[in-house]
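For the protein sequence lines, the chains are A and B, in the order given.
Each residue of the first sequence is one higher than the one before, counting from -15 in the numbering used here.
Each residue of the second sequence is one higher than the one before, counting from 1306 in the numbering used here.
Below you'll find the structure, written out as structure tokens, and then a few comments.
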Amino acid sequence: METPISPLFIPKPHLQLLLDELRRRKYSVVGPTIDQDAIVYGDIHSVEQLPQGWTDEQAPGHYRLKRREDESWFGYVVGPHSWKKYLFPPKTTLLSAEKTESGWQFIPRSADTTKFALLGVRACELAAMRIQDQVFLDGPYQDPLYRERREQLFIIAVNCTQAASTCFCTSMKTGPRCEKGFDLALTEIDSGFLCEVGSERGREVLDAFISSARRASEGSSNDANSTNENVTSLPILDATPEQLRSAETARQQAVDQITKHMETSDLPGLLLSNLDHPRWKEVGERCLSCTNCTMVCPTCFCSSVTEVRDLNMDRVERERTWDSCFNPDFSYLGGSLVRNDTASRYRQWLTHKLDSWHAQFGTSGCVGCGRCITWCPVGIDITEEVAAIREGTLP
Amino acid sequence: MTATRPTLHENPWYTHTVRITDLIDETEGVATYHLKFTDGDAATAYEFIPGQFNMLYLPGVGESAISMSGDPARKNGWIHTVRVAGNVTKTLARLRRGDTLGLRGPFGTGWPVADLVGTDVVIVAGGLGMAPLRPLVYHLMNHREQFGKIWLILGARTSDGLLYPCEYSAWQKRDLEVILTVDRATADWNGHVGVVTQLIDRLQLPRPEQTQMVTCGPEVMMKYAAMSGHRLGIDAGRIWVSMERNMQCAAGLCGHCQLGPEFICKDGPVIRYDRIRPYLFVEQL
Ligand SMILES: Cc1cc2nc3c(=O)[nH]c(=O)nc-3n(C[C@H](O)[C@H](O)[C@H](O)COP(=O)(O)OP(=O)(O)OC[C@H]3O[C@@H](n4cnc5c(N)ncnc54)[C@H](O)[C@@H]3O)c2cc1C
Ligand code: SF4
Ligand code: SF4
Ligand code: FES
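Set out below in structure tokens:
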């Protein structure tokens, strides 16, 4: 069956059928859900788990869930989680070692077969994934787990229809519109979603979903007892010009709400040529070196390996966990620390993210999602730090 | 250009079992290990470029980056010279012939062997920095006619720390000038006393603009060696240093080894001095 090129309109309740279709295809569907007073990413079986009617209020060092006036399902911005936890898990076993009669044997971890379908990926998060692809796939060595999970990944992007005070994707040219890198992309309007197709895989799933929706609607109209009648009998059709206009208005609302800006014209270069700037010391006095910014950042990729062993040391696993350049031990070298104060660690983080990242990967390491600003307990704002360095720079 | 060679396996974490086939005590706390794969023993499996390193793994303890210190032309095993520093190297020092451990590699860039052809070469080593330079010395000896004059300036705290003393005379015979110095003279020593830079400063380079310097040792030593080389007319683009940073993955994936824009594990450890100089003099970078 041919799917039309122009966006389709999917009535809201049908999203469940799309989830069902993905689950039928053995995907683990993960998406936004409420846990511990935040919108985080977790397993999603039912659209009931989505943060329907909730939104997030964000500012430097501030995050709060609030009721919305409407029942939007994706009416929030981004939370403390990012999708990197699925492709680059916070903790993973790299290999194990076993003591045998003939000595140590090393057993590589077996291939990962988990297929994730991500629901609700924002434009800045698509950009973050492209950045991590470069780190984990495009260098001389690939990370095998990341590759296995990435190859199987199914991405349903959802366009932002609002922005937080911490967002600056427009400065980083990563959003708010989802333009590429997804299988399907949705824009939420009152009664449903406009759906764009971004890949062959997306088209295939969408076609199957439409057939199943059609079957369901036929089934329910034949079955007088169906409780779902009003749910599944709605047709999936090309979006009407009016629906297209509503979607455009909704997306424009996000653009209009973005107030934060980061000047990028002198990045890269600005920070690496200001390594002795007094601002580093000043921010080093405010920063707690807590690592929050690096943990919430969707592009940060640092990790460490530790030994996990049984008591008699016959079997050992090498475990990789997320690490942070804010941890003092991170730069441990021969009995001392290369970066032994917070100022030097903050400088490492910021110069890497915004400057040396360009030399390493040909792109900025920041997508402007604002997480590091929101989740910094003392409200340090990356855009202000860059501006302060620029201000104090002799031309 | 520094030279690179891909690892043995596309999975950078793939760890091979190696067995210690020989063990040579060099000096107090320093030993040279000969390691062989327990699976398949193809000579090509042991190919590396002088200056590259392996990750040696002691299960339950951890991994350490250790440079190759053997002859790249003799593909009959891995040779590593290791100094006891902390847990990993201490555990390694307790192993005996026949014991096994893990190995992955080779990783990193090597000395720029192609760029050295036709030039004079000043090799400056400090202490254990001689270990990653020995494969280069072997390479220069194996192809002696391709290179001009060669000096090896080797410094150590005391004469005990001068690595591989039995080999100097063979190197001298092949027209490589070995110049030794120690920080502190012991009773047995009647050679130079002082830092390597003093000896670099005294070199009479016949053609500085066609001379290259390669150096490995403590970071401060390399910085001063490079400054001395520069004064003699060796341009920063012809000076090569071998850097050390914390390494967890060795493959550009873990972020630990960064110095400015460089990942020391994959853009280094051997890096051209003009590339790394802007970052070498910044405190705590
Ligand atoms: C590219 C490269 C090549 C190298 N080549 C060689 C080589 O050829 N030969 C070689 O011998 N080395 C080489 N090294 C250095 C080698 O990797 C380190 O010496 C080794 O990793 C140390 O590991 P370890 O566990 O034994 O010591 P570590 O645990 O790192 O300890 C090192 C020192 O720190 C002390 N220490 C340990 N933990 C702490 C702590 N928490 N706080 C304070 N002090 C502490 C120890 O007592 C010891 O003095 C190389 C390094 C690199 C990056
Ligand atoms: S640095 Fe901050 S704003 Fe930029 S991508 Fe990371 S968390 Fe988002
Ligand atoms: S900048 Fe903020 S979030 Fe990041 S380490 Fe410092 S205090 Fe923590
Ligand atoms: S050691 Fe992991 S990135 Fe270099």
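Even glycine gets a Cβ: it sits at the ideal position worked out from N, Cα and C.
Source: prediction; values computed, not measured.
Nearest Cα to Trp264(A) within the set Gly26(A), Thr377(A), Ser56(A), Arg9(A): Thr377(A). With a beta-carbon spacing of about 6 Å, Cys1559(B) and Cys286(A) fall inside the 8 Å limit used to define contacts. Closest in alpha carbon position to Gln36(A), among Lys50(A), Arg299(A), Ala43(A), Gln42(A), is Lys50(A). Asp1420(B) sits away from Gly1453(B), with the two beta carbons spaced by 8 Å or more.
Closer than 8 Å at the C-beta level to chain B, one finds these residues of the stretch 111 to 130 of chain A: Val119, Phe120, Gly123, Pro124, Tyr125, Gln126, Asp127, Pro128.
Val280(A) sits in a helix when the DSSP states are folded into three classes.
Taking 8 Å as the upper bound for CB-CB distance, Ala111(A) and Thr158(A) are in contact here, some 4 Å apart.
Taken from the Cβ of Cys284(A), every heavy atom of ligand 4 lies 7 Å or farther away. Between ligand 1 and Arg1449(B), a heavy atom-to-CB distance of less than 7 Å is absent. When DSSP states are grouped into helix, strand and coil, His342(A) belongs to the helix group. A Cβ-Cβ separation of about 4 Å places Gly63(A) in contact with Ile23(A) under the 8 Å criterion. Nearest to Thr1486(B) by C-alpha distance, out of Ile1458(B), Leu1438(B), Ala1436(B), is Ile1458(B).
Interface residue (Cβ-Cβ distance to chain B less than 8 Å): Leu317(A) is classified as such.
Per DSSP, reduced to three states, the secondary structure at Arg187(A) is helical.
In the DSSP assignment, the residues bridged to Ala1461(B) are Val1487(B). A distance below 7 Å between beta-carbons, with the five flanking residues on each side excluded, links Lys1395(B) to the following residues of its chain, in chain order: Val1389. About 5 Å separates the Cβ atoms of Val292(A) and Glu301(A), confirming a contact at the 8 Å cut-off. In the three-state reduction of the DSSP assignment, Ile1581(B) falls in the helix class, which pools H, G and I. Counting along the chain, the unbroken alpha helix (DSSP H) around Gly1534(B) starts and ends at 1524 to 1536. Not one heavy atom of ligand 2 falls within 7 Å of the beta-carbon of Arg9(A).
Around Gln36(A), no beta-carbon contact reaches into chain B at under 9 Å, the shortest distance being about 38 Å. In summary, the residues of the stretch 341 to 353 of chain A whose CB is separated from some CB of chain B by less than 9 Å are Trp341, His342, Ala343, Gln344, in the order they occur in the chain.
For the pair Val1422(B) and Gln1451(B), the Cα-to-Cα distance works out to about 6 Å. Close CB contacts of Cys356(A) within its chain, under the 7 Å cut and outside five residues either way in sequence, are with Cys277, Val280, Cys281, Ile366 (chain order). A Cβ-Cβ separation of about 4 Å places Ala148(A) in contact with Gln42(A) under the 8 Å criterion. Annotation for Val267(A): the continuous alpha helix (DSSP H) segment containing it runs 262 to 270. A contact between stretches requires three or more CB pairs, one per stretch, nearer than 8 Å, and the stretch 1364 to 1378 of chain B meets this requirement with the stretch 1437 to 1448 of chain B.
In chain order, the residues positioned with their C-beta nearer than 5 Å to some heavy atom of ligand 3 are Cys271(A), Leu272(A), Cys274(A), Asn276(A), Cys277(A), Phe310(A), Cys360(A), Ile364(A).
Proximity of the stretch 117 to 134 of chain A to the stretch 1546 to 1564 of chain B meets the contact definition, three or more beta-carbon pairs being nearer than 8 Å. The alpha-carbon of Gly352(A) is positioned some 11 Å away from that of Leu338(A). Taken through DSSP and simplified to helix, strand or coil, His1339(B) comes out as strand. Rounded to whole angstroms, the gap between the alpha carbons of Pro73(A) and Thr243(A) is 33 Å. According to the DSSP assignment, Asp1330(B) belongs to the beta strand (DSSP E) that extends over 1321 to 1332. Within chain A, the residues whose beta carbon sits less than 8 Å from that of His1561(B) are Cys286, Ser288, Asp307, Phe314, Ser315, listed in sequence order.
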